[in-house]
Each structure stands twice: as C-alpha cells, then as structure tokens.
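Asks:
Numbering (the numbering used here), first residue to last: 11 to 283.
#1: Helix, strand or coil, according to DSSP, for residue 70 in the structure here?
#2: Under 6 Å from any heavy atom of the ligand PLP, does the C-beta of residue 185 make it?
#3: Whole alpha helix (DSSP H) runs in the region 81-151 with 4 or more residues, listed along the chain?
#4: My output table needs one value for residue 191: the three-state DSSP class, helix, strand or coil.
#5: Expressed to the nearest angstrom, what Euclidean distance is found between the alpha-carbon atoms of residue 68 and residue 123?
#6: Return the CA-CA distance between residue 99 and residue 263, expressed in angstroms with no decimal places.
#7: Let me know the secondary structure DSSP gives residue 166 once reduced to three states.
#8: Tell me residue 225's beta-bridge partners as DSSP assigns them.
#9: Thinking just about the alpha-carbon of each residue, which of 82, 251, 282, 267 is nearest to the one in residue 233?
#10: Considering only the beta carbon of each residue, do residue 197 and residue 81 sit closer than 7 Å?
#11: Expressed to the nearest angstrom, what Euclidean distance is found between the alpha-carbon atoms of residue 238 and residue 208?
#12: Would you mind reading off the limits of the alpha helix (DSSP H) that contains residue 261?
#13: Roughly how many angstroms lie between the CA atoms of residue 257 and residue 71, to the nearest whole one?
#14: Can you check which of these residues, 15, 151, 19, is closest to residue 33 by C-alpha distance?
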C-alpha cells in the first residue's frame with residue numbers, strides 16, 4: 011500500500027486534517043469515518059485492505075479530534091461533522107470523477123455516516139457500519155442524568171480493554187497521544203442525544219446496500235441497541251455479521267481477518283466490476 015498523503019481542508023469549525031491512501035487505478039472511493047476520541051491514523055490496516063481491493067481511501071480527523079482544529083472532543087452539532095465528511099467526499103470525487111462511493115463508519119462514526127447517508131441520498135453506492143452508535147444507545151442519557159449540581163458529567167473515559175481481545179490494541183490506544191483519554195463533555199453528550207433522535211426519525215435509506223458488523227461482547231455500544239437503529243435505517247434489508255466474543259473494534263479484533271473478508275465480499279457483491 012502506498013504511504014498516506016495528507017491534506018488540510020476548510021472545515022465547518024476550522025482546519026480539517028485528512029488522510030488519503032491512494033490507488034493508481036481505483037475502481038471505487040472509500041471514505042472512513044472514525045469514532046469518538048480517536049483519529050483516522052488508527053485505520054491504516056483497514057485502508058490497506060481497501061486499497062488492496064481497488065479503493066482510493068480517504069479519512070478525515072473530525073473537528074476536535076486527532077490533528078484537526080477545535081477544542082478536544084467537543085462536538086456541539088453533529089450536522090457540522092456530517093458537512094465536513096461531505097467536503098472530504100467532494101474532494102475524493104474531484105480527484106476520481108465518476109467512481110462509486112462507499113462510506114464506512116465506526117462507533118460514533120457510524121452515527122455520522124448514517125446521518126450523512128440520509129442527508130446525501132443518492133450519492134452513495136454502499137454504507138458499512140461497524141459497532142455503530144445508532145438506535146438505543148443509553149450512555150449519553152445516563153451520563154447527563156448523573157451530572158452534579160454544577161452540570162458536570164461523571165468522568166468515564168473509554169477503557170482500552172473494551173476495544174479488543176488483543177491486548178496490543180489496548181496498549182497502543184492507551185499510549186496514542188492523538189487519542190483523547192479524558193472525560194466526555196456535556197455539549198457532545200447533548201449532541202449525541204439529538205442526533206440519535208434525528209437519525210431515528212430520518213427514515214430508511216431506500217435500498218442502499220448496508221453492511222452491519224458488530225461484536226456480541228461490545229460493552230461500549232451494546233449490540234441490541236444498535237440493532238434497532240440498523241434495522242430501521244436499512245428497512246430490514248441490510249446484511250449483518252455478528253462476531254462471537256468480539257468487543258468494540260472488530261477491525262482490530264482477533265477475528266479481524268474475518269471482518270475484512272466480510273467487508274471485501276460485500277463490496278464485491280454490491281459494486282460494479
């Protein structure tokens with residue numbers, strides 16, 4: 011795989027840092043949408059699989075994340091993040107006109123990707139959701155309800171052990187200076203609550219090919235809550251693969267080769283040759 015190229019785009023909240031993993035003759039565009047508190051640099055292996063399968067891969071660091079501008083992990087309106095994602099998609103289309111676009115969103119990125127698919131209907135060839143924050147995700151409401159008299163929410167950072175059964179994944183996450191290791195912020199939690207409701211009411215995707223991947227031991231985004239949102243979004247016609255024993259990050263799990271095979275097999279089925 012070629013080394014990643016780096017771009018700076020004008021985002022809704024300042025400079026947006028974007029990685030591009032190029033392909034000399036791509037058959038499709040793939041847009042990676044990362045999760046809460048992390049950054050696009052954690053998706054190098056997913057990008058390798060996708061470029062090896064003919065994709066030109068693009069991935070922004072969201073506002074307040076990674077190397078993009080903004081107060082750390084502060085998202086006041088997810089609609090702005092969706093607009094940023096579409097700006098990256100537009101840059102990718104300008105580089106490779108006419109190619110089908112696949113959007114892959116993980117965790118919080120699944121919420122963003124789902125909303126992007128609703129807002130930009132007809133521009134995607136397929137949607138992939140990995141451990142998506144969608145449907146009945148209770149964490150934001152619980153943290154907001156537990157706020158103290160000053161309005162401060164409890165400090166409950168992401169546990170590295172919740173990501174994967176591979177201890178090296180958790181160790182790398184804990185040591186990554188671009189990962190946020192502090193508490194969630196009240197405006198971000200409130201934005202989660204609003205956007206979960208927006209996506210829930212935004213309707214299904216009208217037959218857009220949708221692949222849902224999830225670990226059945228995901229304690230950060232439990233599977234049953236995601237199922238309600240995915241089934242509503244996909245209109246009951248989605249493809250799903252649940253990995254027994256897997257935790258939150260199936261592409262970093264001990265079963266990651268199976269997850270990659272599901273991803274590439276799905277793309278082969280839904281994209282033109």
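Glycine included, every Cβ here is placed at the ideal spot set by N, Cα and C.
Replies: So, to answer that:
#1: The sequence position of residue 70 within the chain shown is 60, counting from 1. Three-state DSSP puts residue 70 in a strand.
#2: Ligands displayed in this structure: none; no statement on the ligand PLP is therefore possible.
#3: Runs found: 88-105, 118-129.
#4: Your numbering for residue 191 matches position 181 in the chain shown. It is coil, neither helix nor strand.
#5: If you number the chain shown from 1, residue 68 lands on position 58. If you number the chain shown from 1, residue 123 lands on position 113. When only Cα atoms are considered, residue 68 and residue 123 end up about 14 Å apart.
#6: Numbered from 1 along the chain shown, position 89 holds the residue referred to as residue 99. Numbered from 1 along the chain shown, position 253 holds the residue referred to as residue 263. A direct Cα-to-Cα measurement between residue 99 and residue 263 gives close to 28 Å.
#7: Taking the first residue of the chain shown as 1, we reach residue 166 at position 156. Coil at residue 166, not helix or strand.
#8: Residue mapping note: residue 225 aligns to position 215 of the chain shown, counting from 1. Looking at the DSSP assignment, residue 225 forms a beta bridge with 253.
#9: In the chain shown, counting from the first residue as 1, residue 233 sits at position 223. For residue 233, the closest of 82, 251, 282, 267 by C-alpha to C-alpha distance is 251.
#10: Counting from 1 along the chain shown, the entry for residue 197 is found at position 187. Counting from 1 along the chain shown, the entry for residue 81 is found at position 71. Not a contact, by the Cβ cut-off of 7 Å.
#11: The count along the chain shown starts at 1 and reaches residue 238 at position 228. The count along the chain shown starts at 1 and reaches residue 208 at position 198. Cα to Cα, the separation comes out at about 14 Å.
#12: Mapped onto the chain shown, residue 261 falls at position 251. Careful: residue 261 lies outside any alpha helix (DSSP H) and carries neither H nor E.
#13: Here residue 257 is taken as the residue at index 247 of the chain shown, counted from 1. Here residue 71 is taken as the residue at index 61 of the chain shown, counted from 1. Roughly 23 Å between the two C-alpha positions.
#14: Numbered from 1 along the chain shown, position 23 holds the residue referred to as residue 33. Per the Cα distances, 15.
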